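Under the working numbering, think of the first position of the sequence shown as 4, with each following residue one higher.
Report on one structure; see the data block that follows.
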Amino acid sequence: MALSERFLVLTLTAILIGMISAPGITPSEALEPAASEMSIGTKAGTTEWTAVAGYPSQPPTQPSIGVAAGYISPSTVAVDTLGNVYTGGFVIYDVSFGSQAYSDVEQMAYVAKASSTGTWQKLYYTSVFGGGGSATVTAISTSGTDVYACGWFIGNVSIGTQNFQSYTPSGSVESSQDIWVAKFDQNLNPLWAKQAGTVENDDACEDLVVSPTNPDGSQDVYLIGETNATAQSYFGTSITRNGIGGTSTDIFIAKMSASNGAWNDAKITGGQAQDLGQSIAWRGGGIVATGLFSGTANFGSQQMQAIGSYDLWIADASTNLAWANASQAGGTAGIVQPFGIVQQNGVDYIAGTVRGTVNFDTNQVMSSSNGQDTSTFVASRGGANNQWDWITTANGYHQVRDIDID
């Protein structure tokens, strides 16, 4: 498949992940466009090696569902300091990553490791207990050779020695959706795993980042996502949501110890309507994050009103999780959705999708086919008065998943 056909094309360091499925397997919901392989390159348009995962070349003698079927849905990728590549998402039925195999009818979260030369080395996946469940990986981050991952789960799921159970209302057969976070060594042995969740549904970690080493030798893990949390112990602290329940999620930002996973702090922001956290990056003594909001949302002392049904938000936060320097983008005749954020030399870069016509301050853009397509965008914010510097879009139908910078 040509590079232009892949769903990640506008990165300064191209890290491409694809989706693989066997014939006859249809996802229960719409997923990202399928690709036939996974490839990693150090320059856009250059492929150094290709590592393929999918239905085993030697079919199992006892398939998990009695027929030849397997499905892999990758959602994230990260590289450690040795050049090893880690990808995560969910797997179901019969799949293999080289000699590493998964065979089960449960949809489970996975983290797979490939060497710097493209050889699959290790596959880790969650398991279930007492009635079953499902899980997925939404984000992976590395620090040295340590690997951190987060996602969401439903039901009864085990990560390492930890058994996590999401809330199931009395008399119901449906469990709520909760958050999980875990740390692994370079061989994907779980070092710790933590859960966060409440009686409400729709809790999800969307991204995480590990801080540089602090003066005392410690490191912190910062998470971004959305929650329906109520005023009770959650992320190890008491927080109050702004939403009104149901689908009215709020943005959460949380901080935990990298050494043992202890929750240090968490903050909720947003408004009465639905608000989402999407991506997070380290930004010289703090963090920068992005997501979506609707209606009115508060970031520290700044209150923003959405221009359209959903607007993009970006804001800085201190290590104490205090919000500042918020900006937005949106339009009454379009919608913009961020998927990834990076920063370099104090400049923020966001990649995502745009449909219709949207405004980044005075920069107005329209997606392809006179606003009918969903197109990829990359935008820059340099920090001067929290204004957008520039935005560029790709012609045609594209869907970006992340961005990196070299």
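Glycine included, every Cβ here is placed at the ideal spot set by N, Cα and C.
Quick caveat, the model's predicted, so the values are computed rather than measured.
Return yes when the Cβ of residue j is within less than 8 Å of the Cβ of residue i, no when it is not.
i    : j    : result
T360 : V381 : no
D314 : N267 : no
A81  : Y89  : yes
G385 : V339 : no
D319 : A309 : no
S146 : E209 : no
D107 : P59  : no
L126 : Y105 : yes
N389 : A329 : yes
S221 : S260 : yes
G228 : A207 : yes
T356 : V403 : yes
M111 : A138 : yes
V368 : I406 : no
G343 : N362 : no
S169 : F187 : no
D219 : G200 : no
L226 : K116 : no
W285 : V212 : yes
G158 : P193 : no
S304 : Y352 : no
Y128 : V94  : yes
D364 : S370 : no
Could you check which residue in the options has the C-alpha nearest to that of residue i?
i    : options                   : result
S161 : E177, P59 and Y113        : Y113
F255 : A265, G220, A269 and N263 : A269
V140 : P77, Q346 and Q168        : P77
Q331 : Q189, V213, M307 and S144 : M307
D1   : A115, N348, I290 and T50  : The displayed coordinates of the chain run from 4 to 409. Any statement about residue 1 would go beyond what the structure contains.
S144 : K125, F93, G136 and T79   : T79
G374 : F342, N366, Y352 and N398 : N398
D278 : G86, G287 and G298        : G298
R358 : G287, I227, D181 and T379 : T379
E177 : C153, L194, G136 and A265 : G136
T120 : F93, G86, T129 and Y128   : G86
W123 : P193, A292 and G57        : G57
G101 : P62, M111 and A257        : P62
G294 : G288, G280, Y170 and T148 : G280
D372 : W393, W195, N231 and Y400 : Here residue 372 is Ser; the residue named in the question, Asp, does not match the sequence. It is Y400.
E109 : K186, S118, A72 and A115  : A72
G288 : S67, T64, I95 and N217    : N217
G311 : G158, A336, D83 and G274  : A336
T230 : D376, Q305 and S251       : S251
Q198 : T272, T148 and F167       : F167
A265 : V94, A196 and A276        : A196
T148 : W52, S118 and N301        : S118
A54  : Q103, T84, P66 and T64    : Q103
Q189 : W393, T365 and T84        : T84
Q165 : N301, S130 and G154       : S130
Grab the span of the beta strand (DSSP E) containing residue i for me, first residue to last.
i    : result
N166 : Q165 to Q168
G200 : It is not in any beta strand (DSSP E) - G200 carries neither H nor E in the DSSP assignment.
G289 : G289 to F296
V213 : A207 to V213
Y128 : W123 to Y128
Y151 : D149 to I162
Y89  : V88 to F100
G73  : G73 to V82
I182 : Q180 to F187
S106 : Q103 to A117
Would you mind reading off the limits of the alpha helix (DSSP H) that contains residue i?
i    : result
G374 : S371 to G374
Name, in chain order, the residues that DSSP records as bridge partners for residue i.
i    : result
E51  : BP columns for E51 are empty, so no partner.
Q308 : T299
F342 : Answer by DSSP bridge pairing: none, since F342 is not bridged.
Q277 : None; Q277 has no bridge partner.
F380 : G355 and T396
N366 : F363
I317 : T293 and S330
L226 : L211 and A257
Q347 : V350
T272 : I254
T139 : W155
A336 : T360
A56  : In the DSSP output, where bridge partners are listed per residue, A56 has none listed.
How about residue i: is its Cβ closer than 7 Å to a heavy atom in the ligand MN?
i    : result
N231 : No copy of the ligand MN occurs in the structure displayed, which carries no ligand at all.
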